[in-house]
Every structure is written in C-alpha cells, then in structure tokens.
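So the protein lines, in turn, are chains C and E. First residue of the first sequence? That's 7 in the numbering used here, and the numbers climb one at a time after it. First residue of the second sequence? That's 7 in the numbering used here, and the numbers climb one at a time after it. Take a look at the structure set out below.
Number of protein chains: 2
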Amino acid sequence: MKTYKSEEEFLKDYNPNDYKRLSLTADILILSVSSSDNANYRKTDDKKMSVLLIKRDNYPFKDMWCLPGGFVGYDEELESAPKRILKQETNLDNIYLEQLYTFGGLTRDPRMRVISTSYMSLIDKNRLMEHLNENASWFDIVLYEEKDDVVTIVLDNGNETISFTIKKELREKTTDRYSFHIVKNNSIAFDHPLVILAGLERLRNKLEYTDIVFNMMPEYFTLGELQKVYEVILGKKLLDPAFRRIIKNKVVKTEKIKTGEGHRPSYMFKYKKSK
Amino acid sequence: MKTYKSEEEFLKDYNPNDYKRLSLTADILILSVSSSDNANYRKTDDKKMSVLLIKRDNYPFKDMWCLPGGFVGYDEELESAPKRILKQETNLDNIYLEQLYTFGGLTRDPRMRVISTSYMSLIDKNRLMEHLNENASWFDIVLYEEKDDVVTIVLDNGNETISFTIKKELREKTTDRYSFHIVKNNSIAFDHPLVILAGLERLRNKLEYTDIVFNMMPEYFTLGELQKVYEVILGKKLLDPAFRRIIKNKVVKTEKIKTGEGHRPSYMFKYKKSK
DNA sequence: TTTCTTATTATCATTTTGTTAATATCAAAT
DNA sequence: ATTTGATATTAACAAAATGATAATAAGAAA
C-alpha cells in the first residue's frame, strides 16, 4: 500500500470509484390524526391515526401504495432530502421531522442496491387541506392488532383497504431486541410496512416522555380533543383525571371557549413548553 | 418518459448509474464498563464507562482516534457490516448491537460523499481481555458534563487524554428535538463525537425501560456490582432500597456467594427475563 | 323543564417512590 | 479474641404519584 506524506497528497490520489457505490433514499412516514370533519366516508366520529401514502405511477411496484420518498442527491445534505419531499407533497415547511431507522436489506429494491433512511413527520391535518399531491391519499389505520409478537395493520382511505402483517422476532443478543419481518403484504411497496410499524411504535413511546404530540395539534384545542389523540395513539381509553394530571404542565388554559357541541362547552388550551 | 408494460421490462432497461451514487459506512460505538481490575493505571476503584477507539493509521485523519467502522459492501446486508467489524475488532460473535442513527453531513468525510449508519454495541469487557486489535484501545469516560445544552466529554486511555464539546441546538419543529454540533474536537476523526454522545444518551434512556444493561454484565454478579454499573451510566448515586426495587424482577438470586472483599459477602445474581 | 352528553374537579384508596435507620457478616487491624 | 471498617440486606415509614369512583357543571336538543 502506497504511503502518503500528507492528507492533501492522499486525497489527490483517492479514487472514490475503487469501491462499488450504492444509492440512498429517504422515505417519510407522515402521520396525523383524522378528524371526523374531513372523513366524509365515516359515520362514527371516532378518531383514527392516519398515514399519507402515494400511489406509484412508475415501476417498480407500479400502482402500489408507498411512502413519499426519493433519492438523496450526491450533493444534498441528508436531512434536506426528507424536507424537500415533505415540501413537495404537503407544501408545508417547518414540520416536525425525526429520523426513524435505516433499512438496508439486499433485496428491498429490485432495481439495485438501495439503502433507505426513514423519517417520521407529524402534522396537524388542518394545516394542509387543499394542497395534496394528486396521487397522494390519507389512509386511516382502522385496525392495529398485536398478538404474540405478530402485528396486523389495516389501512383504509375510503375507497380502498390495504393491510399487512409483520412478525417481531425476538433476538437474544444480536442487533436490536426485535427484528421485524413482513409476513403478509398485499399492496404496499418496498419494505415500507416496516417503516410504518417502526414509526407507530416510536410515536407511542415518545408520547410518554416528550411533547411530540403537540405537533399534531392545532394551536388551540380542548383537553377532550387532546385526550382523544392520546387515546388513538396509545390504542386505549384513558381516565379523565389521570390524563389531566399527565398533561397539566404541558398546557395552559386560554380565554377561548368551544361551544356548540351539544354538551357542556370546554375551555381551549395551548401548548406550553415546560421547564 | 418511456412507458413500460411490465416490471421486468422496466428493470431490464434500468441503469443504476443514471444517478451519482454514494458510499455508506457503518461505525460502531462499543461500550463497556471499566473494572478497576483491568485498569492498572488507575488508583481509585471507581468504575467508568469506556469506549473502544481505533488509532487511524491511514489517511484521512491519520493518527487520530476513531470508532471502529468500515464500508458497507455493495452486496452486503446492512447489518452484516457492523457484525463483521465487531468480529474483527473483538473476535466475539453474538454481541448486543443496535442501530443508533444515520449521519450524512456533506463534509463528514474529505474523500467523498459518505453516509454513515452508526451502531451501538454493549459488551462485558471480561469476555475479551486478550484479543484486541493492536491499534485499538479502551478509553474511559473520565468526564461527562452537561451545562446549558453544551456537553463536554473527556476520554482517557491511560496514556492519552482526548476531549470534545458538543452543543445541542434546540430546534422548534424541524427535525429531531435536538440537533448536535461539534464545537470543539481535538483528536477524534470524522463526526464520531456525535455518535459517542448519541450512544451514551440512548444507553441512559434505555436503562430505564429495557434490560439492555445485562449485556454489559457477566453471567453472575452481585447487586452491588450491578448498582455501580447503573450509577456509572446514569452519572449519579442511587439509594440501595430504591435500586433493589427497580431490578427486583430482573434478577434471580443464586447459591453463589462472593467473599473476600473485606466486608460482608454478597449473594451473586443472574439476569432473569421478566414477563 | 328535562334529558343527554361531555367538562371538570374532589375525594379516597392503592401503589410506588424517597429516605433513614437497623441489623448482618466477613476481612483487617488491634 | 475483640474491635473496627466496609458493604449487604431489609425494615419501616413518610411522601408522592396513580387508579378509580363519584359529584357537580353547563350548553344543546328534546
């Protein structure tokens, strides 16, 4: 091996193509909570988590649904890619975005070797409404069932129902506590079911120890509305007094009052950074 | 844009080199706890966290310390890379390994565009002893100080002291709650200080809600030893009764007794998976 | 006016933590 | 042999957090 006298000299001689290089994409799991107002296809008014999916109009996986995503440019900052894609799909800036996990299975893309860094983004659906890319659609999570480390998720956008099943394999020492394997998947492209599951779990965990949830809320909200969002994310009912104790230090009561709901009106609250 | 009749046809025509591709490395933060027995350079017997670093003998960053790592091969499963490197550095299989974060700053590698997926690995130092790559060295974390979102970490391997400072920038909505910036760094290559910080924070958080710590413990240990490890990771003293309540369901008492320590002997315990 | 529905809070029991202190037991020093 | 030092282990109690029920409030709709 040739020895160099300085870093400059080494770099001048370095050829990046000595190794076969690969491609990187960023995929974004955009999560929100469906408000019954928007969801004209639903009769009951229970809220659901919802996921923004895109219908692929090109190969590979033509006509299947997938997460918004795209290649990270050679000269593009890693985080710029998801921001760019988010802007393009929702026309919104300044949205909550966090890196989830990097998936790199050898066969996850039939074209070539593609590594994908996935991100999770949380938004308040009311912020967009109009501008939605035409082949984008919100899918409600109408079923999330976990039994013996097998998770089944069913999504529905009002016209179409899609579902997948993932098995969480408990591995003793190696790698993360769990590794996920897609068991059944009829219509979501790539390994995107894994991203959806990872994001939902992350959100559920972070609910307890962060203020992440307020990224999905409008500026003013009632505690009842906030509680519903908690319940939808956690998948279980919470008792009022317990819930109010949990969020007591995270919100401030305002003068605004929400009336006209057919029952006692409630004060509206705002998010308050604590500590 | 040309239209295709089938996925096969599309793939036949697809040229991966239409886009400029990039390189991916895996870097591994190997953490352990120093036992005073091994650390002959230390007089006091307080335990410290320790990190395995490698002295670079090539450009770039020649002669600086860095995390063990290497390129992910084009035909290599993403997770195989850190396992391969771990094996190579420690000669151990079946070690706890979890993905931490993917860093992709444009200038993190002077050679070319390199994305790095970082992993954290936890081991019980007693498992290796002998076989350590000759330019590898364990550094104790002799200082970890956080003040006003500025973290300073000082490492020492007995011969050499290195340090770095990182500022945690609180960003309102975009991206993760925090983004990290290296403020000062005299001798660690690449952006590896960020990996070290991310790993230490992850370990500290996961201590509470997982059994991750037992990956750093030998099969049999006293509760005093386990408590020391907790204290080192958390950076604070714990009260005995409180600690014992926390780990009560995670360990089982065995017949073994550890004597000869100059004080009351203690029972040895083993890890017990709960639930 | 009454009924329905959700909002909001009080109240109490239960469980979980925080803290101090008591007792135990071996090694080393006297 | 006895005392001293050090950590192990657990009891005991106070303080705080949580779980759960019930009481009261107030607008909308009947």
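Using N, Cα and C, we set each Cβ at its ideal position, and we do this for glycine too. Remember, it's a predicted structure, so these values are computed and weren't measured experimentally.
What residue from the options has the CA that sits closest to residue i's CA?
| i | options | result |
| --- | --- | --- |
| residue 139 of chain E | E:170, E:93, E:122 | E:93 |
| residue 207 of chain C | C:220, C:151, C:191, C:245 | C:151 |
| residue 69 of chain C | E:99, E:13, E:32 | E:13 |
| residue 38 of chain E | E:243, E:72, E:120, E:134 | E:134 |
| residue 54 of chain E | E:74, E:111, E:148, E:141 | E:148 |
| residue 4 of chain C | C:101, C:71, C:153 | The structure shown does not extend to residue 4 of chain C, since chain C is modelled only from 7 through 281, so no value can be given for it. |
| residue 52 of chain E | E:25, E:235, E:220, E:184 | E:235 |
| residue 142 of chain E | E:221, E:58, E:105, E:214 | E:58 |
Nearest-angstrom Cα distance between residue i and residue j?
| i | j | result |
| --- | --- | --- |
| residue 205 of chain C | residue 132 of chain E | 37 Å |
| residue 113 of chain E | residue 83 of chain C | 9 Å |
| residue 43 of chain E | residue 195 of chain E | With a pLDDT of 45 at residue 43 of chain E, under the threshold of 50, the predicted position of this residue should be treated as unreliable, and no value is reported. |
| residue 29 of chain C | residue 118 of chain E | 14 Å |
| residue 107 of chain E | residue 267 of chain C | 45 Å |
| residue 192 of chain C | residue 78 of chain C | 27 Å |
| residue 263 of chain C | residue 253 of chain C | 19 Å |
| residue 103 of chain E | residue 199 of chain E | 19 Å |
| residue 60 of chain C | residue 129 of chain C | 17 Å |
| residue 87 of chain C | residue 209 of chain C | 22 Å |
| residue 33 of chain E | residue 96 of chain E | 14 Å |
| residue 248 of chain E | residue 270 of chain E | 20 Å |
| residue 111 of chain E | residue 122 of chain C | 16 Å |
| residue 115 of chain C | residue 8 of chain C | 37 Å |
| residue 18 of chain C | residue 81 of chain C | 19 Å |
| residue 71 of chain E | residue 153 of chain C | 46 Å |
| residue 45 of chain E | residue 174 of chain E | In this prediction, residue 45 of chain E scores a pLDDT of 37, lower than 50, which makes its location untrustworthy; the coordinate-derived value is nonetheless stated afterwards. Whole-angstrom Cα-Cα distance: 32 Å. |
| residue 184 of chain C | residue 273 of chain C | 43 Å |
| residue 85 of chain E | residue 246 of chain E | 39 Å |
| residue 25 of chain C | residue 21 of chain E | 18 Å |
| residue 215 of chain E | residue 27 of chain E | 39 Å |
| residue 255 of chain C | residue 277 of chain C | 9 Å |
| residue 265 of chain E | residue 73 of chain C | 59 Å |
Taking 8 Å as the limit between beta carbons, can you name the residues of its chain near residue i, skipping five residues before and five after?
| i | result |
| --- | --- |
| residue 203 of chain E | 157, 159, 172, 186 |
| residue 275 of chain C | 226, 227, 228, 229, 232, 257, 258, 259, 260 |
| residue 16 of chain E | 10 |
| residue 56 of chain C | 37, 38, 39, 40, 131, 144, 145, 146, 147 |
| residue 167 of chain E | 148, 160, 161 |
| residue 23 of chain E | none |
Ignore the nearest five residues each way along the sequence and tell me which others in residue i's own chain have a CB closer than 6 Å to its CB.
| i | result |
| --- | --- |
| residue 218 of chain E | 212 |
| residue 188 of chain E | 172, 199 |
| residue 109 of chain C | 122, 197 |
| residue 221 of chain E | 102, 128 |
Rounded to the nearest angstrom, how far is the Cβ of residue i from that of residue j, given a contact under 8 Å?
| i | j | result |
| --- | --- | --- |
| residue 201 of chain C | residue 280 of chain C | Contact flag wrong, Cβ pair sits at about 31 Å. |
| residue 145 of chain C | residue 163 of chain C | 5 Å |
| residue 126 of chain E | residue 35 of chain E | 5 Å |
| residue 155 of chain E | residue 176 of chain E | 7 Å |
Spatial neighbours of residue i within its chain, please: C-beta separation below 7 Å, excluding the five flanking residues on both sides.
| i | result |
| --- | --- |
| residue 237 of chain E | 243, 244 |
| residue 190 of chain E | 170, 171 |
| residue 31 of chain E | 75, 76, 77, 78, 120, 122 |
| residue 250 of chain C | 229 |
| residue 99 of chain C | 93 |
| residue 105 of chain C | 123, 125 |
On the three-pair Cβ rule with 8 Å, is the stretch 60-73 of chain E touching the stretch 80-96 of chain C? Too few Cβ pairs lie closer than 8 Å, so no.
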